[in-house]
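Accompanying notes for the structure given below.
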Amino acid sequence: MKDWKKLTSNQRIERVQQALHENVNFMHDISLGYPASKLDGKVFYDDAPFLKDAPVLMTYVANPNHIGCHTTGTSETAFKGTQEMEREVLDIVAVDIFKSAKKQYDGYIATGGTEANIQALWIYRNFFQNTQQAKLAEIMIVASEDTHYSIAKGANLLSLDLMKVEVDFETRRILDNELETLLCKAIADGKKYFIVVANMGTTMFGSVDNPDTYTQLLEKYNVPYKLHIDAAYGGFVYPFIAPDSTLDFANKKVSSITIDAHKMLQAPYGTGIFLCRKNLIENVLTKEAEYVEGMDLTLCGSRSGANAIAAWMILTTYGENGWFEKVKILQLRTDWICKQLDALGIAYFREPYMNIVTIKAAYIPTEIAHKYDLVPQKHNADNQWYKIVLMEHVEVDSLHHLIEDLKKLILI
Ligand SMILES: Cc1ncc(COP(=O)(O)O)c(C=O)c1O
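Under the working numbering, the letters of the sequence shown match residues 5 to 416, in that order.
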């Protein structure tokens, strides 16, 4: 790890103040051209004394707009101070966590995992169209049935077909034979270019895909593909403790990654992260965005710079080692609940090195699921699983109550 350091509270406040100082200040500067200002002072109290000690709130009030992408080309100069801090966040995530070489990636803080995933699909659809003159009907998205629904949403928006590959019910692993059969059929039906989405932590199970399952087959059939990793959930967990993960930029086959800061990092909603290798994001340049300096390479348009500052604050409050310790504690809690479930003979799925435990619904009466707010795989009678997500607030104390309730049922 190179850039990711723990800073003191004063260092963090000074860094944010300096960045805001480099931005346009709507309170004092003469700035006539933007359809933007600081937050409404009648409502958001820009002179509240506590703001000077609250860098994220200070930034919300100043209201910088991070429109566009700031890892390539030019950007709006009015917000250059906080844009630089966004680049510091991206450097930590891309280089220190996901092993990109420095300055060899592009990316931005998206509104969330959905946008970041769709951004990836959009880039690859256009990439195949721009470089191979691919027709829409020749491009196909490939992902497991456990993949987040944002991929189906993206397929729909971009008018692309989606191949959903079945997984084994117990292990949640992609069924190789099924994948090969579907791939051969797709090729026979005229599909020539593939956009693969591999998961670093599926929403319901936390299961992590082996990208080789896809890439080896696609290479066997000699078809061009791009590989995107959806690490929206697992991106701030798995890379810290899983030995030998190949789901990062050290793997030449990986072209882009989604990581949500508003999940495990506990940043405010609206803080997703999209990263891709250099020379890809230009495929979604919107040339019509002429009033935006540097034009726009992102899906969302205007976005709050305060989200970048929030992510920066969290990362620099912990530092690399502090974050590792936090993730380790969540692992210990996950180990604890798994041990209790084993002792009770209750069947569940848990991906090693992840902090989601998904219990077979047959062991969980509805009242218990409601009492502990367990999330079902399906909100209907077909539901077969309930999940527990070991977040910061999910402590052994609360898990203990669940286990006691389950024990009582078994003794009846
Ligand atoms: C694996 C995965 N990808 C993408 C998303 C979508 O993220 P968001 O809700 O931030 O758009 C989620 C959300 O739960 C997720 O679990």
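For each residue, glycine too, the CB sits at the ideal point set by N, CA and C. Only a predicted model underlies this, so the values are computations on that prediction, with no experimental measurement involved.
For the alpha helix (DSSP H) that Y38 lies in, which residues bound it at each end? Boundaries for Y38: no alpha helix (DSSP H) harbours it, and the DSSP string shows neither H nor E there.
Express the C-alpha separation of E80 and D165 in angstroms, rounding to a whole number. Taking C-alpha positions only, D165 is separated from E80 by approximately 37 Å.
Mapping the DSSP letters down to three states, classify C280 as helix, strand or coil. If DSSP states are grouped into helix, strand and coil, C280 belongs with the strands.
Following a CB-centred definition, is A236 positioned closer than 7 Å to any heavy atom of ligand 1? Yes, the Cβ of A236 comes within 7 Å of a heavy atom of ligand 1.
Which one or two residues does DSSP pair with W389 in a beta bridge? Answer is K364, bridged to W389.
Taking the C-alpha atoms as reference points, what is the distance between R281 and A202? The C-alpha of A202 is placed about 16 Å away from the C-alpha of R281.
Buried versus exposed, by CB contacts within 10 Å (16 or more), E119: In the assembly as shown, E119 is a buried residue. Its beta-carbon has 16 or more other beta-carbons within 10 Å.
D110 versus K343: straight-line alpha-carbon distance, rounded: Here the C-alpha atom of D110 lies approximately 42 Å from the C-alpha atom of K343.
Taking its Cβ as the centre, do 16 or more other Cβ atoms sit within 10 Å of N121, making it buried, or is it exposed? The residue in question, N121, is buried, as its Cβ has 16 or more Cβ neighbours within 10 Å.
Sequence-distant residues of its chain with Cβ nearer than 6 Å to L11 (five each side left out): Cβ neighbours of L11 beyond the five flanking positions: T320.
What residues are listed by DSSP as bridge partners for I199? I145, K230.
Would you report the Cα separation of V398 and A141, rounded to the nearest angstrom? Going from the Cα of V398 to the Cα of A141 covers about 46 Å.
Once you ignore the five residues that flank F328 on each side, which residues in its own chain have a CB closer than 6 Å to its CB? The answer, listed in chain order, is F244.
For V20, collect the residues of the same chain with a Cβ closer than 7 Å to its Cβ; drop the 5 residues on either side in sequence, then sort them by chain order. Excluding the 5 residues flanking it on each side, V20 has same chain C-beta neighbours closer than 7 Å at P59, M62, T63, I313, in chain order.
Per DSSP, what kind of secondary structure is T63 in: helix, strand or coil? Looking at T63 - three-state DSSP - the assignment turns out to be helix.
Length of the line joining the Cα atoms of I155 and P228: Rounded to the nearest angstrom, the two C-alpha atoms are 20 Å apart.
Can we count T302 as close to ligand 1, meaning its CB is less than 7 Å from some heavy atom? No, the beta carbon of T302 sits no closer than 7 Å to any heavy atom of ligand 1.
Which residue wins for smallest C-alpha separation from Y242, given the options H32, R354, K257? Considering only alpha carbons, the answer is R354.
Between the beta-carbon of L301 and the beta-carbon of G45, is there less than 8 Å? Annotated as distal: L301 and G45, with beta-carbon spacing of 8 Å or more.
For the candidate residues Q335, K195, I318, whose alpha-carbon lies nearest to that of M89? Out of Q335, K195, I318, I318 has the C-alpha closest to the C-alpha of M89.
Please check the pair L125 and I145, which I expect to be a contact at CB under 8 Å, by giving their CB distance rounded to whole angstroms. Between I145 and L125 the Cβ distance is about 6 Å, and since that is below 8 Å, they are a contact.
Suppose the cutoff is 7 Å on Cβ atoms and the five residues either side in sequence are ignored; what does the same chain contact list for N464 look like? Residue numbering for the chain in the displayed model covers 5 to 416; residue 464 lies beyond these limits and cannot be assessed.
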